[in-house]
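Here's the structure we're looking at; comments come further down.
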Amino acid sequence: MCPSCGHRNVAVEPPSQSLQQLLDECGVCGPRELRRCRGRVRRLARDLPAFDSVWIDALLQSRILTGYQARLLSSNDPRRLRVGPCVLLDRLGGGQWSETCVAEIIGRRGVRRALKRLVVPSDVLETINGRLQTLTVVGKRVAHPGVVVPEVVMRAGPEIVVGSRYIDGPSLRDLLVRRGRFPSAVVDEIGAGLVEGLCELEANGVVHGDLRTANVRLSADGVAVAVDAGVAPAVEPTLVVDVNRNPDRYDGVSPERVAASSVSTQASDMYALGCMLFELLAGRPPFPVAEPVMKLNAHQQLRVADVREWAPDVPDHLAERVRQLCAHDPVERPESWKAIGASWRRGGRARYGRDFVRQMRSAAPGGAQPVPRKRLRAVMGIGGTVVALVLAAVVWSGHRQPATEGSQKPLRPALAVAGVTGAGRDEVLAEAGGTPDWPVRAAGGAIRLDDSREWPGVRLEHSSSLVITGRENGGVSRAEICIETGRPLELRAPAVSLQGLRLRGPAGEPWVVVHGGVVRIVDCEFLGEGTGRDVGSATAVEVHDPAEQGGVYVSLGQVLMRHVATGLRVHADQAEVTAVDALQIGGGRLFEWRRPSQSAGGAMRLAMRHCTLRHTRGLLCWMGGALRVEADACVLAIRSGEVLCDGRDGSGEPVVIRGRQTLLTPGATVTRGAGDVEGVVAAVPTFRGPATIDSRDSRLSRIPAGVPGVGTTRPGIRVHGARSEGVAPRPE
Numbered sequence: 003m004c005p006s007c008g009h010r011n012v013a014v015e016p017p018s019q020s021l022q023q024l025l026d027e028c029g030v031c032g033p034r035e036l037r038r039c040r041g042r043v044r045r046l047a048r049d050l051p052a053f054d055s056v057w058i059d060a061l062l063q064s065r066i067l068t069g070y071q072a073r074l075l076s077s078n079d080p081r082r083l084r085v086g087p088c089v090l091l092d093r094l095g096g097g098q099w100s101e102t103c104v105a106e107i108i109g110r111r112g113v114r115r116a117l118k119r120l121v122v123p124s125d126v127l128e129t130i131n132g133r134l135q136t137l138t139v140v141g142k143r144v145a146h147p148g149v150v151v152p153e154v155v156m157r158a159g160p161e162i163v164v165g166s167r168y169i170d171g172p173s174l175r176d177l178l179v180r181r182g183r184f185p186s187a188v189v190d191e192i193g194a195g196l197v198e199g200l201c202e203l204e205a206n207g208v209v210h211g212d213l214r215t216a217n218v219r220l221s222a223d224g225v226a227v228a229v230d231a232g233v234a235p236a237v238e239p240t241l242v243v244d245v246n247r248n249p250d251r252y253d254g255v256s257p258e259r260v261a262a263s264s265v266s267t268q269a270s271d272m273y274a275l276g277c278m279l280f281e282l283l284a285g286r287p288p289f290p291v292a293e294p295v296m297k298l299n300a301h302q303q304l305r306v307a308d309v310r311e312w313a314p315d316v317p318d319h320l321a322e323r324v325r326q327l328c329a330h331d332p333v334e335r336p337e338s339w340k341a342i343g344a345s346w347r348r349g350g351r352a353r354y355g356r357d358f359v360r361q362m363r364s365a366a367p368g369g370a371q372p373v374p375r376k377r378l379r380a381v382m383g384i385g386g387t388v389v390a391l392v393l394a395a396v397v398w399s400g401h402r403q404p405a406t407e408g409s410q411k412p413l414r415p416a417l418a419v420a421g422v423t424g425a426g427r428d429e430v431l432a433e434a435g436g437t438p439d440w441p442v443r444a445a446g447g448a449i450r451l452d453d454s455r456e457w458p459g460v461r462l463e464h465s466s467s468l469v470i471t472g473r474e475n476g477g478v479s480r481a482e483i484c485i486e487t488g489r490p491l492e493l494r495a496p497a498v499s500l501q502g503l504r505l506r507g508p509a510g511e512p513w514v515v516v517h518g519g520v521v522r523i524v525d526c527e528f529l530g531e532g533t534g535r536d537v538g539s540a541t542a543v544e545v546h547d548p549a550e551q552g553g554v555y556v557s558l559g560q561v562l563m564r565h566v567a568t569g570l571r572v573h574a575d576q577a578e579v580t581a582v583d584a585l586q587i588g589g590g591r592l593f594e595w596r597r598p599s600q601s602a603g604g605a606m607r608l609a610m611r612h613c614t615l616r617h618t619r620g621l622l623c624w625m626g627g628a629l630r631v632e633a634d635a636c637v638l639a640i641r642s643g644e645v646l647c648d649g650r651d652g653s654g655e656p657v658v659i660r661g662r663q664t665l666l667t668p669g670a671t672v673t674r675g676a677g678d679v680e681g682v683v684a685a686v687p688t689f690r691g692p693a694t695i696d697s698r699d700s701r702l703s704r705i706p707a708g709v710p711g712v713g714t715t716r717p718g719i720r721v722h723g724a725r726s727e728g729v730a731p732r733p734e
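Just so you know, the sequence shown maps onto residues 3 to 734 in this note's numbering.
This is how it looks when you write it as structure tokens:
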């Protein structure tokens, strides 16, 4: 009988022999530690038997086990706790086919290693194992503290386990999420240190192959260390695109790798480092796209912007280094890491940078200590960020509900996939009583329209993505959507994709209205009414930023706009638009940028490649904000006397236009007010035929002779087959 509480002392059942044996083998705890936990087990079990789960909870509360170890011991395979001579302590990260953990060598308290468990197909298991074994041999010659090369490779059943030196510190990705963009002095030092380590890898014939913020950790003394050097090329020698992976896995994939699915090289590592430094300086990757395929497409077709457009305080020398590393053509990047290191030495401010990195590694203040004024402001800033994110979620959810009873018709679920109720992942929401014949019953938000009939406008919503397809690859005819007055095609989803569609609609209003952050339009025609040079007053596509401050990304590919006042109107403070093989015939302007707020800081980047304008009023109009236009091999045949980029607010902020092999008809004005224009050549284009919807008629019949800046590449739209059904094939 317990003298203090009067309860009867009940003997505690010991843990099972298998659990005791495993804990002892792993060096986690022995009989002495188990005896100390009996009181806690008794309190947890009360009158119930002391099952192994109770003992595991008691050991966890006593801090003998980590949370990760407790989960492993409670799983169906508790022996995964031990890997060779090591016991796993915690999980550092991983995905569907890999997991990285920190482990401790059994019997050597405090000696830790990083273990990466890889699940690979059985047919290539031996091949990958051989590559990794070779990597460990070469890695023994790499002694620089700024890189980590695998030291040992083990087999654990169907898995390959790669062991390497453990860096006790956070990753740059974690710090970026927690603290925001880094000061330039810190980034400069991080870059210099990584270049030194990559020089040693290059000298030993090792390519890192996976440089990104998640694979660079900060050691206890604030030194940046690139981990997992050479592992990715050994496991996946060529580029593998997996839509199930986190998009940040592809933040630094070089254009040449995307184009040819080629192996990693020192040049591709340079591009990856440049993109990573860009992200640290700007607080965002060069192409912040939420889908792997679209991110890779952006890396292949676009050039990384000057980092000073997003972080004006970056010094010129650092911005120039990032620009060289991020050069689109690998030939334009530095010839070797040694050449980079020769000019990128740590300067006198290295100590400042290291001290600041150590401060960034520190956690939030604990206990009940008073918060200093400076720290209080930092905490309030973080709290403001959290509030902003919550408000963004509320704004997004607000789009999904009518503001008032009479303001708009309510939405109803059109599909509830097995086990999913409400607005689930695989559910498309359609307007109640509107168009029941729309094929909204499709998993994942993918809708295939029959091309044998016309479709009306409709309102659709999905929690993750909407994909509307009008014809398959290689198909002849497109599905046609005919918009009626007051009944646009309204789409609400984080990601929206339109492919193989033809749209017609009334004048004076938009035909397609999208509320989403990522919009992709491929192989579509938008045909307005009008003849000759009639401008019309229709807007083909209107994109709204649902969060109002989060920004949007819009991609156009093989798109035809005919006799529309505006091809694409973007409502967002931050926007990035790409257009490849876009053709506009007649009408007003291809693009229009409107900002919902007039606060400072708005920016839009428009990147075009092989686009053609014929008989249009201009390329773009906007009201306020920083605008940058990049035109590569484009033909801008706007009307004489019109303005290519028309800024109507009169703020005086200069537009930056960078052209390459791009033609502009003589007599046109590039921009109103201040402008920084390079690479746009005045020349009269000669087209192969009249302005029809067949893109072959809008190709140049010849390259203008003697025009500076125009090489052998034919500017303007390229032919990818007849744009419209009923167009007779003819030789090029």
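Quick reminder that beta carbons are idealized off the backbone N, C-alpha and C, glycines included.
For D54, the enclosing alpha helix (DSSP H) stretches over residues 54 to 63. By the Cβ-count criterion, L50 is exposed, with fewer than 16 other Cβ atoms from all chains shown falling within 10 Å of its own Cβ.
For V686 against T667, the beta-carbon gap comes to about 7 Å, under 8 Å, which counts as contact. From the listed residues L665, G669, G677, the smallest Cα separation to R704 is found for L665. DSSP places I192 in the helix class (H, G or I) of the three-state scheme. A distance below 8 Å between beta-carbons, with the five flanking residues on each side excluded, links A693 to the following residues of its chain, in chain order: I587, G588, R616, H617, D699, S700.
Separation of the CB atoms of R114 and V104 is rounded to 6 Å, and the pair is thereby assigned contact status at 8 Å. Under DSSP, P512 shares a beta bridge with T541.
Of all alpha-carbon atoms in T688, H612, A670, C647, the one lying nearest the alpha-carbon of Q663 is that of H612. The segment 207 to 227 and the segment 125 to 134 do not touch, with fewer than three beta-carbon pairs separated by less than 8 Å. Bounds of the alpha helix (DSSP H) holding I130 are 127 to 141. By the criterion of a C-beta distance shorter than 6 Å, P332 is surrounded in its chain by E258, A269, once the five residues flanking it on both sides are discounted. Scanning its chain for C-beta atoms nearer than 8 Å, with the 5 sequence neighbours on each side dropped, one finds around R219 the residues I169, G171, P172, S173, L174, A226, V227, V229, in chain order.
Annotation for H573: the continuous beta strand (DSSP E) segment containing it runs 568 to 573.
In the three-state reduction of the DSSP assignment, L90 falls in the strand class, which pools E and B. Exposed is the label assigned to P33, since fewer than 16 other Cβ atoms lie within 10 Å of its Cβ.
Membership of D634 in the beta strand (DSSP E) is indicated by the continuous run 628 to 634. By the neighbour-count criterion, in which 16 or more other beta carbons inside 10 Å mark a residue as buried, Q23 falls on the exposed side. Closest option to D634, judged by alpha-carbon separation, among M625, V582, L622, L621: V582. The C-beta distance from V672 to L629 rounds to 12 Å, too long to meet the 8 Å contact threshold.
By a beta-carbon distance limit of 8 Å, V154 does not contact E202. Their separation comes to about 20 Å.
Within the DSSP bridge table, the entry for A341 names no partner.
If you compare the alpha carbons of G207, G553, V543, S557 with that of R571, the shortest gap goes to V543.
For E492, the enclosing beta strand (DSSP E) stretches over residues 491 to 494. Under DSSP, V265 shares a beta bridge with T240. Taking every protein chain shown into account, the CB of P490 has 16 or more other CB atoms within 10 angstroms, so this residue is buried. DSSP places S479 outside both helix and strand once states are collapsed to three, so it counts as coil.
Separation of N217 and G677 (C-alpha to C-alpha, rounded to the nearest whole angstrom) is 41 Å.
Residue environment: K142 is assigned as exposed (fewer than 16 neighbouring CB atoms within 10 Å of its CB, all protein chains considered).
Contact between the segment 239 to 257 and the segment 194 to 210 is absent, with fewer than three C-beta pairs closer than 8 Å. Annotation: the continuous alpha helix (DSSP H) that includes H319 extends over 318 to 327. Shown here, C28 sits in coil according to DSSP, grouped into three states, outside any helix or strand.
M296: member of the alpha helix (DSSP H) spanning 294 to 303, first to last residue. The beta carbons of E632 and L304 sit closer together than 9 Å. Classified as buried, V514 has 16 or more neighbouring CB atoms from the shown chains inside 10 Å of its CB. Proximity to R597 across G590, A639, P288, G553 peaks at G553, based on C-alpha coordinates.
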